[in-house]
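Contents: one structure, followed by commentary.
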DNA sequence: ATTTGACCTTACAGTGACTGTAACCCTTAC
DNA sequence: GTAAGGGTTACAGTCACTGTAAGGTCAAAT
């Protein structure tokens with residue numbers, strides 16, 4: 001299986017797969033006689049693992065560590081859970097921060113007439129002395 | 001007022017202020033006899049404006065455009081509102097995506113024993129054939 | 001047989017919004 | 001005089017890719 005097909009299967013781009021190999025997130029793919037990368041089911045599974053971890057918002061480096069843990073029969077689930085909880089906390093923080101932004105944005109957007117006049121509560125919010 | 005004091009006042013870092021000047025987000029600061037940047041109330045107001053826009057999640061380039069609009073008496077609030085609404089939509093999309101991540105993470109974290117055993121539903125979720 | 005188009009390869013630059021580091025100059029206090 | 005703590009520039013690094021260039025390979029159509 002060539003890289004484009006692997007990309008299609010995993011939902012990654014060919015460039016991203018090459019990038020993961022370069023960054024040693026996954027072991028280097030075997031090459032055909034023509035020098036093309038070849039992917040088998042095992043390699044695909046690694047790529048899918050990374051894809052799913054990334055889709056859950058784990059950093060590439062965390063995704064890599066999780067992959068190593070998944071391949072290590074001596075692992076303890078405590079280590080994995082700790083990473084996941086840490087990440088979950090970060091995600092929750094991000095959500096709360098974005099919700100604060102949204103609340104403020106919704107507030108000022110609701111006040112702005114959005115017509116040809118210059119008067120604008122959105123800009124007032126950004127420049128005003130009264131927050 | 002030197003750059004460190006301006007940084008303290010605005011909540012930006014000195015490096016960030018220099019970066020904004022370099023990127024022409026704000027006009028270059030006047031310099032003292034020693035070549036140090038000098039900040040007055042007007043410059044500080046520009047910096048605070050950018051800081052607030054960034055805190056609401058606007059990109060630096062959008063923040064710049066909003067600053068120009070705020071200084072333009074010929075502006076129409078419609079243009080500002082459009083930008084804000086667009087941004088609000090992006091923020092809402094981000095929130096929804098993060099909430100999906102959170103729900104999945106909470107689900108698997110709740111299933112994981114987090115002890116010395118290798119068995120781990122978190123890793124199962126990432127590698128498993130059944131999502 | 002050739003050409004076209006789609007694939008593959010590497011290498012390097014660019015993205016966004018900074019942050020870190022190095023090397024140097026200036027000011028202030030002791 | 002010297003040491004700490006400012007300031008200056010310039011350049012590299014971050015993260016996770018994406019874009020671009022320049023070229024090699026393959027399969028099918030002409």
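Residue numbers (the UniProt record's numbering), protein chains in the order written: chain A, 1 to 131; chain B, 1 to 131.
Beta carbons: idealized from backbone N, C-alpha and C, even for Gly.
What you are looking at is a predicted structure, and each value in this text was computed from that prediction instead of being measured.
Quiz prompt | Validate contact between the stretch 25-39 of chain A and the stretch 51-68 of chain A using beta carbons, cut 8 Å, 3 pairs | solution = Of all C-beta pairs linking the stretch 25-39 of chain A to the stretch 51-68 of chain A, three or more are shorter than 8 Å, placing the two stretches in contact.
Practice problem: Enumerate, from N- to C-terminal direction, the unbroken alpha helix (DSSP H) stretches of 4 or more residues contained entirely within the stretch 24-75 of chain B. | Solution: If only uninterrupted alpha helix (DSSP H) runs of at least 4 residues are considered, those enclosed by the stretch 24-75 of chain B are 41-55 and 60-71.
Quiz item: Would you say residue 54 of chain B reaches chain A, if we count a Cβ-Cβ gap shorter than 7 Å as a contact?
Solution: For residue 54 of chain B, no CB of chain A lies under 7 Å from its own CB, so it is not counted at the interface with that chain.
Exercise. Tell me whether the beta-carbon of residue 109 of chain B lies closer than 7 Å to the beta-carbon of residue 84 of chain A.
Key: Yes.
Quiz item: According to the Cβ coordinates, are residue 77 of chain B and residue 113 of chain A closer than 7 Å?
Solution: Contact flag set, yes.
Quiz item: Say the cut is 6 Å; is the CB of residue 118 of chain B nearer than that to a heavy atom of the ligand MG?
Solution: The ligand MG is absent from the structure shown, which contains no ligands of any kind.
Quiz item: DSSP state of residue 21 of chain B, grouped into three classes?
Solution: Helix.
Quiz item: Expressed to the nearest angstrom, what Euclidean distance is found between the alpha-carbon atoms of residue 136 of chain B and residue 6 of chain B?
Solution: The structure shown does not extend to residue 136 of chain B, since chain B is modelled only from 1 through 131, so no value can be given for it.
Exercise. List the residues of chain B whose Cβ lies closer than 8 Å to the Cβ of residue 117 of chain A, in chain order.
Key: In chain order: 76 and 77.
Quiz item: Can you tell me the Cα-Cα spacing of residue 8 of chain B and residue 100 of chain A, whole angstroms?
Solution: Whole-angstrom Cα-Cα distance: 23 Å.
Quiz item: Hey, is residue 102 of chain B's beta-carbon within less than 7 Å of any beta-carbon in chain A?
Solution: At least one chain A Cβ lies under 7 Å of residue 102 of chain B.
Quiz item: Hey, would you say residue 4 of chain B sits closer than 7 Å to residue 75 of chain A, going by beta carbons?
Solution: Between residue 4 of chain B and residue 75 of chain A, the CB-CB gap reaches or exceeds 7 Å.
Quiz item: If we count the other Cβ atoms within 10 Å of its Cβ and call it buried at 16 or more, is residue 43 of chain B buried or exposed?
Solution: Around the beta-carbon of residue 43 of chain B, 16 or more other beta-carbon atoms lie within 10 Å, marking it buried.
Quiz item: Which residues in the same chain have their Cβ closer than 7 Å to the Cβ of residue 58 of chain A, if we skip the five residues on either side of it in sequence?
Solution: Only 66 and 87 meet the Cβ criterion.
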